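One structure below.
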Amino acid sequence: MQDKTIVIAGITGFIGEALSHRFLSGNYRLKGFTRSLEKAGKLEKLGIEPVLWDGHSLTGWEKQLEGADALIDLTGENIAAGRWSQEKKSKILNSRVESGSILTEVLRRVNSGPGVYVQASAIGLYGAGGDIELDEDSPAGNDFLAQVVKQWEASSNGVESLGWRRIICRFGVVLGRDGGVLKRMIIPFRWFMGGAIGSGRQWMSWIHIDDLARAIEFLISREECRGIFNCTAPHPVRNREFARTLGHVLRRPAFLAVPAWVLKILLGEMAEQVLLSGQQVVPDRLAKTGFTFRFPYLEEALKDLLAIYRGQSDFSIK
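Residue numbers (numbering that gives the first Met the number 0): 0 to 317.
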C-alpha cells in the first residue's frame, strides 16, 4: 500500500531527480510537473505520474493536486548558467515569483487538504556574509540575489492562511554525482589544473544531495516543522579548503587558482555574487529538529560522491 502522495514541480531537474528516487524507494505515490511530452514518458516509465504544466498558466491541471499530502516547488531559472543580462535577470526573478504565486493560487482551489507546501529557496538571501556565521534569523542582504530570494519567498505567503503548513528550504551549494556544481568543478582537476576561485577566502555552505533529500522528507513528515530552514551541512568551508579537499579526494593538485579578474571579465555580476562571495551558513533550526546528517564533513561527502573516480587518470562525472 502506498503512503502519502507527493507532487513535485521541477521534478526533472538535478534536485528533483534525487528527490524522486528517494520518494519512490519509500513507497510514496509521486506526481511530477513537466513541460515536455518526452520527459512525461520517461517519468511514467519510472512509476511517476506526469502532469503537463507550462510553468505559467492555470489550464486544468489543478485537479492533480486533489488528495496531495505535499507539494514541493523546485522551479526556477538556473542562476549560474552564464553572464547575467537584463533578460537573464528577469528570467531568474520571474521564473521563481510566478511559479510561487500560481501554485499558491492553485492551493486555494484544492478541496482536499490541507497538506504541506515546500518551497525551494536559497542562502543567497543573506547576501555577501563575509566571516559572519549566519542562521535562519540573520537579516537579508541587498544585492540582486538577495532581492530575488526575498520576493521568491514572499510569493507563497498566502499558503499558510489556507491552512497548509509551509516549509521554506534555503539551499546551499548542493553536491551530487550526476549534476550541479560538482560536475563542473572537477573538470580542471581532471587536467591537473584545479585550485581555488579568486582569493579562496569566500565561504562555501554546501550539502550532500542525499542529505538534502533526507532533510526534505524529514521536514515533511514532522507536523511540528514549519517555516524557514537552512539546508546546508553543519560545517561550511572556505573555497580554498574546498579546492584542497577536492584535490585530495581525486588525488590531484589544487594549486592553480582562477584569478578573480578573469571571472569578472567573463561572467560579470554573476561571478561577483555567485563565485567570488559567499556565506558561512549553519543549519540551526534543522539541527534543533533532531535531523542527523550522514555527511556533516566535506571530505566524507566528496569521498562518497566521487569514489569511483579517485585515482583514475581519466575521470568525469556523467
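C-beta atoms are modelled at their ideal positions from N, C-alpha and C, and glycine is treated no differently. Source: prediction; values computed, not measured.
Return the chain-ordered list of same chain residues with a C-beta closer than 6 Å to the C-beta of residue i, the five sequence neighbours on each side being excluded.
i           : result
residue 284 : 135 and 228
residue 276 : 127 and 201
residue 0   : Only weak support exists for where residue 0 lies, its pLDDT of 39 falling under 50; the coordinates are left without a value.
residue 101 : none
Pick helix, strand or coil for residue i, following the three-state DSSP scheme.
i           : result
residue 275 : coil
residue 317 : Any reading at residue 317 needs caution, since the residue's pLDDT is 41, under 50, leaving its predicted position unreliable; the model's value is listed next. Looking at residue 317 - three-state DSSP - the assignment turns out to be coil, as it is neither helix nor strand.
residue 145 : helix
residue 3   : coil
residue 113 : coil
residue 170 : strand
residue 280 : strand
residue 312 : Caution is warranted here: a pLDDT of 44 is assigned to residue 312, below 50, making its placement in the model unreliable, and the coordinate value is therefore given only provisionally. Coil at residue 312, not helix or strand.
Just to confirm, are residue i and residue j a CB contact at a threshold of 8 Å?
i           : j           : result
residue 158 : residue 124 : no
residue 320 : residue 47  : This structure does not reach residue 320, given that the chain is present from 0 up to 317, and the question cannot be answered.
residue 15  : residue 73  : yes
residue 113 : residue 163 : yes
residue 65  : residue 111 : yes
residue 165 : residue 225 : yes
residue 179 : residue 13  : yes
residue 34  : residue 54  : yes
residue 266 : residue 82  : yes
residue 75  : residue 94  : yes
residue 274 : residue 196 : yes
Assuming residue i is part of the alpha helix (DSSP H), what are its boundary residues?
i           : result
residue 207 : Not the alpha helix (DSSP H): residue 207 falls in the beta strand (DSSP E), residues 205 to 207.
residue 187 : 179 to 189
Thinking residue i and residue j are a contact (beta carbons under 8 Å), I'd like their distance in whole angstroms, please.
i           : j           : result
residue 80  : residue 212 : In fact, because the Cβ distance is near 23 Å, the residues do not count as touching under 8 Å.
residue 231 : residue 131 : The Cβ separation is near 15 Å, so there is no contact.
residue 167 : residue 118 : 5 Å
residue 203 : residue 238 : 5 Å
Closer than 8 Å by C-beta to residue i: which residues in its own chain qualify, once you throw out the five before and the five after it? Chain order, please.
i           : result
residue 297 : 205, 232, 234, 236, 240, 241 and 244
residue 174 : 180, 181, 205, 206, 207, 208, 300, 301 and 304
residue 293 : 207, 209, 210 and 213
Closer than 7 Å by C-beta to residue i: which residues in its own chain qualify, once you throw out the five before and the five after it? Chain order, please.
i           : result
residue 254 : 194
residue 312 : Residue placement at residue 312 is flagged as unreliable, the pLDDT there being 44, under the threshold of 50; the coordinate-derived value follows with that caveat. Correct list: empty, nothing qualifies.
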